[in-house]
Amino acid sequence: MFPTALTRLAIQDCGKMKAVCNLKLTKLTSLTHLELRGFPETLRLEAGCLNESIEELRITDLPHLDSLSGLIPTLKNLRRLKVDKCPLVNQKPPSRMHKLIPQ
């Protein structure tokens, strides 16, 4: 699907995709920067659906995404997290994990 040496990836406008895990992004072992934008049907980003090599994660316009609590602890190298236009996630108070990630 994608070259395994890929370090940056932006995926957008996936209107009918419900599970980001279906993209098999864990095979991208060199991936350090990922942007997910425009997944209106996605409810969750689950533990194990992204590779722990990711340092920067941007999540935009996932209106039904309700939590990142299962995913964030698995991203051991995460340094920056940006969440925008995800009303169900943004309305919750920041967790301790969010405070550990530099803004």
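Quick note on my numbering: the sequence shown kicks off at 1478 and runs consecutively. Even glycine gets a Cβ: it sits at the ideal position worked out from N, Cα and C. Treat the numbers as computed from the prediction; the structure is a model and nothing was measured.
Under the DSSP assignment, D1490 falls outside any beta strand (DSSP E); it carries neither an H nor an E label.
In its chain, beyond the 5 residues on either side, L1527 have a beta carbon closer than 6 Å to the beta carbon of L1502. Here DSSP, grouped into helix, strand and coil, assigns K1559 to strand. By the CB criterion at 8 Å, R1557 and E1529 fall outside the cutoff.
A Cβ-Cβ contact shorter than 8 Å links L1522 with L1542.
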